[in-house]
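Peer 1:
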Amino acid sequence: VLRSTQREVGIKSHTGRHSWQANWFDITRPATTDAGTCNNLMAGSCTRQIDGQNHHQGIELSAQTAVNPWHLGGSALWLDAKRENATVQSNLNGQRPINVPRYILRGMAQYHHPDITGLRSGLRISREGERNVTEHGEIVLPAWTTLDATTHYDTTVNNVASSWTLAVNNLANKHYWRESPKQYGQYFLYPGDRKSTHLNSSHGYRSR
Numbered sequence: 011v012l013r014s015t016q017r018e019v020g021i022k023s024h025t026g027r028h029s030w031q032a033n034w035f036d037i038t039r040p041a042t043t044d045a046g047t048c049n050n051l052m053a054g055s056c057t058r059q060i061d062g063q064n065h066h067q068g069i070e071l072s073a074q075t076a077v078n079p080w081h082l083g084g085s086a087l088w089l090d091a092k093r094e095n096a097t098v099q100s101n102l103n104g105q106r107p108i109n110v111p112r113y114i115l116r117g118m119a120q121y122h123h124p125d126i127t128g129l130r131s132g133l134r135i136s137r138e139g140e141r142n143v144t145e146h147g148e149i150v151l152p153a154w155t156t157l158d159a160t161t162h163y164d165t166t167v168n169n170v171a172s173s174w175t176l177a178v179n180n181l182a183n184k185h186y187w188r189e190s191p192k193q194y195g196q197y198f199l200y201p202g203d204r205k206s207t208h209l210n211s212s213h214g215y216r217s218r
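Residue numbering for the sequence shown follows this note's numbering, beginning at 11 and increasing consecutively.
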């Protein structure tokens, strides 16, 4: 049985069309280590075991405002993370855990078309800071930025609330590595999604 601990303190405000909040958090969760011979899974003795914990502290800020016909919002997260109390790999103590970005920034703008009821279009920009691929930071994934575009049309079909969405992800077709996990002594690099277009619909409850 494993246990993680989270402490959080925050403040928020909501006045009419404007809102904001600020949070400080402190999270400690168990960390794992691959021990034994991990370069040959068929003949090796590689096992995964709990070895100390990862300690994350950070500040998260967010705000939103609505000024017709615009809806604007943004958030920022700064994260300080380090490994603690490791005994199998004690040289990792004090190091930043792999695959953890140093910061995350988000911003969005949405426009409600006044001439067409239910039609709204938006842009979202996302940026994530660099993250370690290896335990001591010999290899680091660079920070990346992506831009997404969406158009939503809210309507009613047979008395059922419906929403149609056309989305273009990674509008600039940015090449980037989105994360870098490790498992059984092997490091993995996952590429970010290339530019793609999606059309989908969602339906709510039937109105009376």
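Every residue, glycine too, gets a C-beta built ideally from N, C-alpha and C. This one's a predicted model, so the numbers in the text were calculated from it and none came from an experiment.
Could you check what DSSP says for Asn101 in three-state terms: helix, strand or coil?
Peer 2: helix
Peer 1: Just how far apart, CA to CA, sit Gln63 and Val178?
Peer 2: CA-to-CA, the gap between Gln63 and Val178 works out to about 39 Å.
Peer 1: Could you check how far apart the C-beta atoms of Asn180 and Gly195 are, in whole angstroms? I think they sit under 8 Å.
Peer 2: Not quite, the Cβ-Cβ distance comes to about 32 Å (not below 8 Å), so this is no contact.
Peer 1: Assign Ile60 to one of two classes, buried (16 or more other C-beta atoms within 10 Å of its C-beta) or exposed (fewer than that).
Peer 2: exposed
Peer 1: Using a Cβ-Cβ cut-off of 6 Å (strictly less than) and excluding sequence neighbours within five positions of Val19, which residues of its own chain qualify?
Peer 2: Trp34
Peer 1: Given this structure, state the Cα-to-Cα distance separating Val167 from Leu129, to the nearest angstrom.
Peer 2: Going by the C-alpha atoms only, they are around 15 Å apart.
Peer 1: List, from N- to C-terminal side, the beta strand (DSSP E) runs of 3 residues or more that fit wholly inside the stretch 97 to 156.
Peer 2: 113 to 122, 129 to 138
Peer 1: If you drop the 5 nearest sequence neighbours on each side, which residues of the same chain put their C-beta closer than 6 Å to that of Leu102?
Peer 2: Arg93, Ala96, Glu145
Peer 1: Does Tyr186 come out as helix, strand or coil in the three-state DSSP assignment?
Peer 2: coil
Peer 1: Contact defined as beta carbons within less than 8 Å: I believe Ser29 pairs with Ala91. What is the distance between those atoms, to the nearest angstrom?
Peer 2: About 28 Å separates the two Cβ atoms, so there is no contact after all.
Peer 1: Can you give me the start and stop residues for the beta strand (DSSP E) that Leu71 sits inside?
Peer 2: 57 to 77
Peer 1: Do the CB positions of Tyr200 and Trp187 come within less than 8 Å of each other?
Peer 2: yes
Peer 1: Could you check if Thr156 is buried or exposed, using at least 16 other CB atoms within 10 Å of its CB as the buried criterion?
Peer 2: buried
Peer 1: Express the C-alpha separation of Trp88 and Glu70 in angstroms, rounding to a whole number.
Peer 2: 7 Å
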